[in-house]
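Read through the structure below, which is laid out as structure tokens, and then see the notes.
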Amino acid sequence: MKIAAIAGSNANHSYNRMLLEFMAQHFKDQDQIDVIDIRQVPMFNESFKGDAPEVIKDIDRRIKDADAVIIASPEYNHSITSALKSIVEWLSYSVHPLTGKPVMTIGASTHDQGASRSQVQLRDILISPGINASVYQGDEFFMSNVTSLMDENGNITDEGTIGFLEKCMNGFRYYAKAIDRMNEEMSK
Numbered sequence: 001m002k003i004a005a006i007a008g009s010n011a012n013h014s015y016n017r018m019l020l021e022f023m024a025q026h027f028k029d030q031d032q033i034d035v036i037d038i039r040q041v042p043m044f045n046e047s048f049k050g051d052a053p054e055v056i057k058d059i060d061r062r063i064k065d066a067d068a069v070i071i072a073s074p075e076y077n078h079s080i081t082s083a084l085k086s087i088v089e090w091l092s093y094s095v096h097p098l099t100g101k102p103v104m105t106i107g108a109s110t111h112d113q114g115a116s117r118s119q120v121q122l123r124d125i126l127i128s129p130g131i132n133a134s135v136y137q138g139d140e141f142f143m144s145n146v147t148s149l150m151d152e153n154g155n156i157t158d159e160g161t162i163g164f165l166e167k168c169m170n171g172f173r174y175y176a177k178a179i180d181r182m183n184e185e186m187s188k
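Heads up: the sequence shown at position 58 corresponds to 58 in my numbering, and the numbers run straight through without jumps.
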């Protein structure tokens, strides 16, 4: 499966980007995971007029070319990051690549709650009018205390965490294929 994976942080050091890069390597025999870096995305401003910036056009194309999307959401102040909210705003303004697209939310955090609140908030945003993503409601993957589960090279070191990630991905693959078949039938 071809998956567009958005790291929801514009920080230079991002555990969520590292998580997606680990997944791209770990699942390379099953999936082609394209990790999208949003550090160059300008802050959304609804006063913007004209064509979307080139970086947004590129992300739009990469998502449209994918079978599914994974969004790795950090959590700051019990919420998604401003950078992630901004990219979602861009992707629901003049381009709409998430409409009907199967999306799974995941997250990693240095704290105990492991991005659980940001994932709930992100799911609510993704199903709103103008975005209309098909958000996976299966197992939730969030890494609490990520510094104890991931080494400095971005490798997950805990076998139980890897096993659960594999379980989540298996469920998401099944879901994404079903949503893609449904979308094909509806477009006929």
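No residue lacks a Cβ here, since even glycine has one placed at the ideal position from N, Cα and C.
Residue closest to residue i, alpha-carbon to alpha-carbon, out of the options
| i | options | result |
| --- | --- | --- |
| Ile-38 | Ile-162, Arg-62 and Ile-6 | Ile-6 |
| Ser-14 | Phe-27, Ser-187 and Val-35 | Val-35 |
| Glu-140 | Asp-151, Phe-164, Asn-153 and Leu-126 | Phe-164 |
| Gln-113 | Arg-61, Ile-125 and Ser-73 | Ser-73 |
| Val-146 | Gly-138, Glu-185 and Thr-157 | Thr-157 |
| Asn-183 | His-26, Asp-67, Gly-154 and Tyr-76 | Asp-67 |
| Tyr-76 | Tyr-174, Ala-115 and His-26 | Ala-115 |
| Val-41 | Ile-125, Asp-31, Trp-90 and Phe-22 | Trp-90 |
| Asp-151 | Asn-12, Met-1 and Phe-22 | Phe-22 |
| Glu-166 | Lys-188, Phe-27, Asn-153 and Ile-59 | Phe-27 |
First and last residue of the uninterrupted alpha helix (DSSP H) at residue i
| i | result |
| --- | --- |
| Lys-2 | First-last for Lys-2: 2-7, but that is the beta strand (DSSP E), not the alpha helix (DSSP H). |
| His-26 | 15-26 |
For residue i, three-class secondary structure by DSSP
| i | result |
| --- | --- |
| Met-143 | strand |
| Val-197 | There is no way to answer for residue 197, as the model of the chain reaches only from 1 to 188. |
| Met-43 | coil |
| Ala-176 | helix |
| Ala-66 | coil |
First through last residue of the beta strand (DSSP E) which encompasses residue i
| i | result |
| --- | --- |
| Gln-32 | 32-37 |
task = May I ask you to verify whether the stretch 112-127 touches the stretch 68-87, counting CB pairs closer than 8 Å and requiring at least 3?
result = With the cut-off at 8 Å, the stretch 112-127 and the stretch 68-87 touch.
Fill in: Cβ contact (3+ pairs, closer than 8 Å) linking the stretch 108-115 and the stretch 83-96
Because the criterion of three Cβ pairs below 8 Å is not met, the stretch 108-115 and the stretch 83-96 do not touch.
* Asked: Whole beta strand (DSSP E) runs in the stretch 75-141 with 3 or more residues, listed along the chain?
  -> DSSP assignment within the stretch 75-141 yields the following whole beta strand (DSSP E) runs of 3 residues or more, N-terminal first: 102-108.
| field | Meets three-Cβ-pair contact criterion under 8 Å: the stretch 39-51 and the stretch 88-99 | value | The stretch 39-51 is in contact with the stretch 88-99.
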